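Enquirer: Submitted below is the structure of interest, expressed as structure tokens.
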Amino acid sequence: MPVTAFIVPDYFTRIVTWKVSETNEELLSILKLNKRRQGIYKSLTSKRKREYLGLRACLMALGLDDHIKYAPNGKPYVEGTDNISVSHSHGVVCVGASSFNIGVDIELEREEKIFNIKDKFIREDEFAFISKEYEKDYFHIIWGLKEALFKIYQGNLWSFLNHYKIEPFDLKNNKPITCWVIDEDSNIKYFAHYKKLNNYYLVYVLNYES
180 MPVTAFIVPD
190 YFTRIVTWKV
200 SETNEELLSI
210 LKLNKRRQGI
220 YKSLTSKRKR
230 EYLGLRACLM
240 ALGLDDHIKY
250 APNGKPYVEG
260 TDNISVSHSH
270 GVVCVGASSF
280 NIGVDIELER
290 EEKIFNIKDK
300 FIREDEFAFI
310 SKEYEKDYFH
320 IIWGLKEALF
330 KIYQGNLWSF
340 LNHYKIEPFD
350 LKNNKPITCW
360 VIDEDSNIKY
370 FAHYKKLNNY
380 YLVYVLNYES
């Protein structure tokens, strides 16, 4: 089973990534989907089938696959215990589970794309602390952090420039990154980490006051 990372940042939180390198048949034999899930699987496109099997594999690795429920908006959760966040990117699936509000994002390194869109998501005060030597890494990490925060708020706070702010951080240490969600009524602090997994960037954000 190709679990590429299993991260336990605190007693209440677990994050797993899975490289979906098996065939669909191999995954189906591992997962043993019930009739309802088989029906869902069969209704999906080829790409979505791979993502669905990867999601189920991650949830199985977390020991949560039999306990997942879905809110009316489709957001997965485990009643009374865990908030769930899910991310997919080019054959890799990531799932985070925590008693705190959590957002995860995994992104394949795509230098040309991230440089083309940088002005759409990086604020002036964020450009100010980005090292020229490591721009590529900073751009991918900041994008992932804002994607993760966006997921927590289910797209209701949509502006990556106005609603999400990342405080200065240094790639050379492993200290938590402070992030802010900004709306008309309040500012909410999150703490974040990142990890480079081969040519993927994994980030996760947590609100320890949730």
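For the sequence shown, the working numbering begins at 180 and goes up steadily by one.
No residue lacks a Cβ here, since even glycine has one placed at the ideal position from N, Cα and C.
Since we're looking at a predicted model, the values are computed, not measured.
What is the DSSP secondary structure of N203, reduced to helix, strand or coil?
Expert: N203: helix per DSSP, three-state reduction.
Enquirer: Report the three-state DSSP secondary structure of W322 (helix, strand or coil).
Expert: Of the three classes helix, strand and coil, the one that applies to W322 here is helix, per DSSP.
Enquirer: According to DSSP, simplified to helix, strand and coil, what is I247?
Expert: I247: coil per DSSP, three-state reduction.
Enquirer: Please report how far the alpha carbon of L210 lies from the alpha carbon of G253, in whole angstroms.
Expert: About 21 Å.
Enquirer: CB F308 to CB P347, shorter than 7 Å?
Expert: Yes, they are a contact pair.
Enquirer: Should F300 go down as buried or exposed, given a rule of 16 or more other Cβ atoms within 10 Å for buried?
Expert: It is buried - the Cβ of F300 has at least 16 other Cβ atoms within 10 Å.
Enquirer: Give me the Cα-Cα distance between S277 and W197, rounded to the nearest whole angstrom.
Expert: Their Cα atoms are separated by approximately 18 Å.
Enquirer: What does DSSP give as the partner residue(s) for V283 in the beta ladder?
Expert: DSSP output for V283 lists Y383 as bridge partner(s).
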